[in-house]
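*Asks:* Sharing a structure here in structure tokens format.
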Amino acid sequence: LLIYGRYFDLPRSVVRERADRLLEFVQLDHRANDRVDPLSGGLKRRLTIARALISEPELLLLDEPTTGLDPQARHAVWDRLYRLKQQGVTQVLTTHYMDEAEQLCDRLVVMDNGKIVAEGTPRDLISRYSTREVLEVRLPGAEATAALDRLDGAADRVEVLPDRVLLYAHDGEAALSAVHALGVKPDFALVRRSTLEDVFLHLTGRSLTD
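This note's numbering applies: residue 1 is where the sequence shown begins, and numbers increase by one.
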């Protein structure tokens, strides 16, 4: 951090003060005298954030900042980025993690094959391209493949996947009641709220792309 801070022609005393403050901010002050190489991926990612902040930028560009991190490390990075947002630091972030986008971003741009396919706030995108809730059901054996015609009227939209059927509805419990009324007996049923991942998959499809 001291070396990197000197790239900005800052006085040594200023760099020292900022380095100490930033190490505390990313919870690495207890490792201040350690070498970088032995640090875990999560600790290195937090150190990278501290390094990016040494010049006190008003705009921070983040390219998939939590890729490859375990859940604890991801949440630690999220916490620091959220605190930066509260301090007024503008962040432009690219990510493949929709929960990350939902947690951190005030405004989103969804891209597919290099083109913008949607933009708006997380809440706006969910209300525009999905339903309030999603009912996930698992059906016995070959019944899943025949489920689409039988369940078509039980929800606003029905999607059959290899391992489960998704029913998009305003009221997931009402959709489940409709499923039972149609004589379908799921092995498993779960009602959850719609997420940005539902929106992303609806807009871009489930097929793998380069």
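Ideal Cβ positions, reconstructed from N, Cα and C, are used throughout, including at glycine. Everything numeric in this text was worked out from a predicted model, so none of it was measured.
If distances are taken between C-alpha atoms only, which option among Ile54, Asp124, Thr90 comes closest to Arg12?
*Replies:* Ile54
*Asks:* Please give me, in chain order, every unbroken run of the beta strand (DSSP E) with length at least 3 that falls completely inside the stretch 112-161.
*Replies:* 115-120, 133-138, 157-160
*Asks:* Between which two residues does the beta strand (DSSP E) carrying Thr94 extend?
*Replies:* 90-94
*Asks:* From the DSSP output, in three-state form, read off Ala175 for me.
*Replies:* helix
*Asks:* Which two residues bound the contiguous beta strand (DSSP E) that contains Val188?
*Replies:* A quick correction: the sequence has Phe, not Val, at residue 188. From DSSP, the beta strand (DSSP E) with Phe188 extends over 188-193.
*Asks:* Please report how far the alpha carbon of Ala52 lies from the alpha carbon of Glu102, in whole angstroms.
*Replies:* 23 Å
*Asks:* Comparing C-alpha positions only, which one of Val89, Leu93, Leu60 sits nearest to Thr67?
*Replies:* Of Val89, Leu93, Leu60, the residue nearest in Cα terms is Leu93.
*Asks:* Is it the case that the stretch 158-174 contacts the stretch 107-125, given that we only count it when at least three CB pairs across the two stretches are under 8 Å?
*Replies:* Output reads no: the stretch 158-174 does not touch the stretch 107-125.
*Asks:* The beta strand (DSSP E) with Asp70 in it runs from where to where?
*Replies:* Counting along the chain, no beta strand (DSSP E) covers Asp70, and no H or E run does either.
*Asks:* Mind checking Asp210: buried by the 16 CB within 10 Å criterion, or exposed?
*Replies:* Per-residue confidence for Asp210 stands at a pLDDT of 48, beneath the threshold of 50, marking its modelled position as unreliable; the derived number appears in the next sentence. By the 10 Å Cβ count, Asp210 comes out exposed.
*Asks:* Given a threshold of 16 other Cβ atoms within 10 Å of its Cβ, counted over all protein chains shown, does Ser177 qualify as buried or as exposed?
*Replies:* exposed
*Asks:* When DSSP labels each residue in this structure, what does Val36 get in the three-state scheme?
*Replies:* coil
*Asks:* Only counting the same chain, and skipping five residues up and downstream in sequence, which positions put a Cβ closer than 8 Å to that of Arg45?
*Replies:* Pro65, Thr66, Leu69, Ala73, Val77
*Asks:* According to DSSP, what are the bridge partners of Leu167?
*Replies:* Leu135, Val158
*Asks:* Out of Leu84, Leu203, Pro71, Arg128, point me to the one whose CA is closest to Pro57's CA.
*Replies:* Ranking the options by Cα distance to Pro57, first place goes to Leu84.
*Asks:* With burial defined as no fewer than 16 other Cβ atoms inside 10 Å of the residue's Cβ, what is the status of Leu1: buried or exposed?
*Replies:* buried
*Asks:* On the DSSP letters alone, give me the boundaries of the alpha helix (DSSP H) that Asp198 sits inside.
*Replies:* 196-204
*Asks:* In this structure, does DSSP put Asp210 in helix, strand or coil?
*Replies:* In this prediction, Asp210 scores a pLDDT of 48, lower than 50, which makes its location untrustworthy; the coordinate-derived value is nonetheless stated afterwards. Coil at Asp210, not helix or strand.
*Asks:* Can you check whether the CB of Arg107 is closer than 8 Å to the CB of Val26?
*Replies:* no
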